[in-house]
Amino acid sequence: MLQTEQLTINIGPQHPSAHGGLHVEAVLDGEMVTDAIVHLGYVHRSVEKIAENRTYAQYVPYTARLDYLATHLSVMGYVQAVEKLADIEVPERAEYIRVIMGELSRIASHQLCIGSMAIDIGATTGLLYCMRDRERIMDMFEMTSGQRLLSSYMCIGGIAEELPEEFFPAVHSFLQDLPSMIKEYEGLLFGNEILQARLKGIGKLSAQDALSYGVTGPNLRACGVNYDIRKIEPYGIYDRFDFKVPVGSNGDAWDRLMVRKEEIVQSGSIIQQALEQMPEGAVRSKVPRVLKPEKGREVYHRIEGAKGDLGYYIVSDGGEKPYRLHVRAPSFINLMVLPLISIGGLLQDIIVNIATLDPVLGEADR
Amino acid sequence: MMQKIETIFVDLADWFIVLLQGWGIPLAWADAILLLVQFLGVVAIVLFNITILVWLERKVSGFIQERPGPNRLGPFGILQTIADALKLLTKEDIIPSKTDRWIFRTAPILFMTVSVMLYIVLPLGKDMQVVDLNVGLFFFISLGSLSTIAVLMGGWSSNNKWSLIGAMRSVAQMISYEIPLALSLMGVVMIAGSLRLSDIVAAQGNVWFIILQPIAFLTYFIAATAELNRGPFDMPEAEQELTAGAYTEYSGMRYALFFLAEYTNLVAVSALASTVFLGGWQGPGLPSWLWIIIKTWLVMFVFMWIKWTLPRIRMDHLMAFSWKVLIPVSLFNIVATGFGLYIFKGLGG
């Protein structure tokens, strides 16, 4: 019998496919993966601890840096949690604007997921097509808040400012072009046989495993579980919109991607409905400068983030700062299944699995 | 006038010989010196081609990806490659301490040498061939496979796991695709009846071999893409998986040599494709050496187009594709060609 050696390699934290500081220690037998260990903490900024030293309003920009690819959703989860904690009413128009911005963020995040998956398997052009379209969303974010990536546009009690005039034509033309964008991705990426061969049946996650690991978001829906917080526990005004929850069946990398592709379409329809229903009015309610929620009150609020079930747990001790804040970060929990779905596959499949699990390390490490 | 342009390089060589003889140098020596000059000419062609090619690759990829590409240095950024080369030349030459130094140093030189040697047999125009070997095609294929050793040397001596995996992949891939590459050319050899490249070109006087041997052309093209380590078969480099594969530890000019050698190979393989399948230097109107340039660049454009469109195939699919699809298809092509020739000869052709 030929003596062979197992090779331990470190994928990351500095690696082209590390998605910003992910470290996977993989043990290889040739090209086969026999073990994979996920190491986290390279982007740890103790965001949860910082919350204890900031007032509720001061903390808003920190949440934008959690899931920095869908900042509006991260911020939305936090501000809604604080509003729940301090019983703050939000004007109707602000709710709609939040939905629009949140869903735009979701589209941007999914586009980036598709794009980075494409470049991770070597289809460089796919990334640039997705980036080109995502750029239009970033431009819209810039119009509203002057910030492209980390816009803390939402604030406690509403949103910071009314939408500018030029935002509306931009969002309308974006929605109009959305189907053709999807068609382009299908032509360049999803219809490609090499890509299908690389994704179908790879990184299979059973619904049972997904549920017991606590996987949420598109990754869970790809396994065939119809679980979307916007539907089962509508927050904000999500009960007013008519949209479908795309569900996969196999739980493989291909389904994870297809679910995201469908979600882009559904988000587009939500934005369309929101734009039609949006009433006139104020966008921000009167909120005291320094919030002091009741002592001993605690709240857990969760929303459907771009990566999954994004929850904020805040405990108040009656002071102007949170006593304790915890973030249930979907990326962190989703990443935990990476060894499960990667062991037994090839080295190249780890890359596909990381890309289709779509973790954001800013959120996973906090 | 047309005749003058057509034979400009041949005339130049004749003039050179006469000049040397005029200086009292015996003919044999003059021929040897001419050979040296021709070799320098080949190197000049290679370097000139690569300078344009690297720029063109970036421009083409920019065009495909809807971005401008290099556009700062010179008109349309054409001087970008020169600036890059200067940068790589002036970079610190790093050899990691635990490498096998000699092999680490020789690998890029070997790769480049082998790649440049491919040009010796290529007919770059009418009567424009450094050496017209009677086993020209065989020489080309066997030298082409030598580059595998250079990649393996580089990868293994680097003492880096990524490099090792990249090198091993490279060996597996190149050996697997060597076979269909050689087999696909066999059909052409059977029709032309010779391994001499000038004979193969001459045999395409009436009809190009791409028409007689379409399957062979396809298998050649696919196998050549794998031989070149280009996308979708850029397994050994696979920067998204293996950082830079076999070349991870290389920097500065040593890396550049690998890089240049790959492009040298690209030009050579494209030139061979145009020689063997696209009628070589033959064509109406334009001088022969211009025709081969046009054809080669067209083939190279297709290579680029494919690279910038397709994702990378998976390693096991890659091997399966070679052994289960390409090799049977090229074997079938040989059998079919044999039958075709038999029938053709039977008809009195």
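Same order as they appear, the protein sequences are chains A and B.
If you're matching positions, the first sequence starts at 1036 in this note's numbering and goes up one per residue.
If you're matching positions, the second sequence starts at 213 in this note's numbering and goes up one per residue.
Where a beta carbon is used, it is the ideal one built from N, C-alpha and C, also for glycine.
- Not a single CB atom of chain B sits nearer than 8 Å to the CB of A:P1323.
- Taking a Cβ-Cβ threshold of 8 Å, none of the residues of chain B is close to A:G1380; the smallest such distance is about 10 Å.
- Within the same chain, and ignoring the five residues on either side of B:F489 in sequence, the residues whose Cβ sits closer than 8 Å to its Cβ are V400, W420, F421, I422, Q425, A428, F429 and Y432.
- Proximity of A:G1047 to chain B, defined by a Cβ-Cβ separation below 8 Å, is not satisfied.
- Per DSSP, the continuous beta strand (DSSP E) segment holding A:E1060 begins and ends at H1058 to D1064.
- Rounded to whole angstroms, A:G1286 and A:L1240 show a C-alpha spacing of 5 Å.
- Taking C-beta atoms under 8 Å as the contact rule, B:A458 and B:V363 qualify, at a distance of about 5 Å.
- Excluding five sequence positions before and after A:L1198, the CB atoms of its chain that fall closer than 7 Å to its own CB belong to I1132 and T1179, given in chain order.
- The Cβ of A:G1157 sits closer than 8 Å to at least one Cβ of chain B.
- Residues of chain A whose Cβ lies closer than 9 Å to the Cβ of B:M527 are, in chain order, E1066, L1381, L1382 and Q1383.
- A Cβ of chain B is located within less than 8 Å of the beta carbon of A:R1167.
- Of A:A1257, A:F1202 and A:I1191, the smallest CA-CA separation from A:R1171 is found for A:F1202.
- Scanning A:I1044, A:P1126 and A:E1297 for the CA closest to the CA of A:G1316 turns up A:P1126.
- Taking C-beta atoms as the reference points, B:G253 and B:R270 fail to come closer than 8 Å.
- The residues I391, P392 and L395, in chain order, have a CB closer than 8 Å to that of B:I539 in the same chain once the five nearest residues on each side in sequence are set aside.
- Residue pairing by DSSP places A:L1042 opposite A:L1063 in a beta bridge.
- If only uninterrupted alpha helix (DSSP H) runs of at least 4 residues are considered, those enclosed by the region 1313-1379 of chain A are 1365-1370 and 1373-1377.
- Counting C-beta atoms within 10 angstroms of its own C-beta, B:L248 has fewer than 16 neighbours from the protein chains shown and is therefore classed as exposed.
- At a beta-carbon threshold of 7 Å, none of the residues of chain A lie near B:P280; the nearest stands roughly 12 Å away.
- For the region 305-337 of chain B, the set of residues with a beta-carbon nearer than 9 Å to any beta-carbon of chain A is empty.
- Taking 8 Å as the cut-off, the Cβ atoms of A:M1216 and A:H1107 do not count as close.
- Only residues of its own chain outside the window of five on either side were considered, and among them G1238, L1240 and N1388 have a CB closer than 6 Å to the CB of A:I1376, listed in chain order.
- Rounded to the nearest angstrom, the gap between the Cα atoms of A:T1039 and B:T318 is 28 Å.
- B:G236 and B:Q341 have their C-alpha atoms some 26 Å from each other.
- Following the DSSP letters along the chain, one finds A:Y1131 inside the alpha helix (DSSP H) bounded by residues E1127 to D1155.
- Under a criterion of Cβ atoms nearer than 7 Å, the residues of chain B adjacent to A:T1160 are, in order, I276, Q277, W520 and T521.
- In this structure, DSSP gives A:I1305 a helical state, which the three-state scheme calls helix.
- 8 Å or more divides the Cβ of A:P1374 from the Cβ of A:H1054.
- Within the region 1225-1246 of chain A, the residues whose Cβ lies closer than 7 Å to any Cβ of chain B are, in chain order, N1227, I1229, L1230, A1232 and R1233.
- Across the structure, A:I1194 and A:A1129 are spaced so that their CA atoms are roughly 6 Å apart.
- Residue state for A:H1054 is assigned as coil, using DSSP reduced to three classes.
- The shortest C-alpha to C-alpha distance from A:V1282 to any of A:Y1273, A:W1289, A:Q1301 and A:C1258 is the one to A:C1258.
- When the beta-carbon positions are compared, A:H1079 and A:D1400 come within less than 8 Å of each other.
- When the alpha-carbon of B:D312 is set against those of B:Y462, B:N441, B:K557 and B:K519, the nearest one is in B:Y462.
- Assignment of B:I361 by DSSP, reduced to helix, strand and coil, places it in the helix class.
- Secondary structure note for B:G399: its alpha helix (DSSP H) is the uninterrupted segment K373 to A404.
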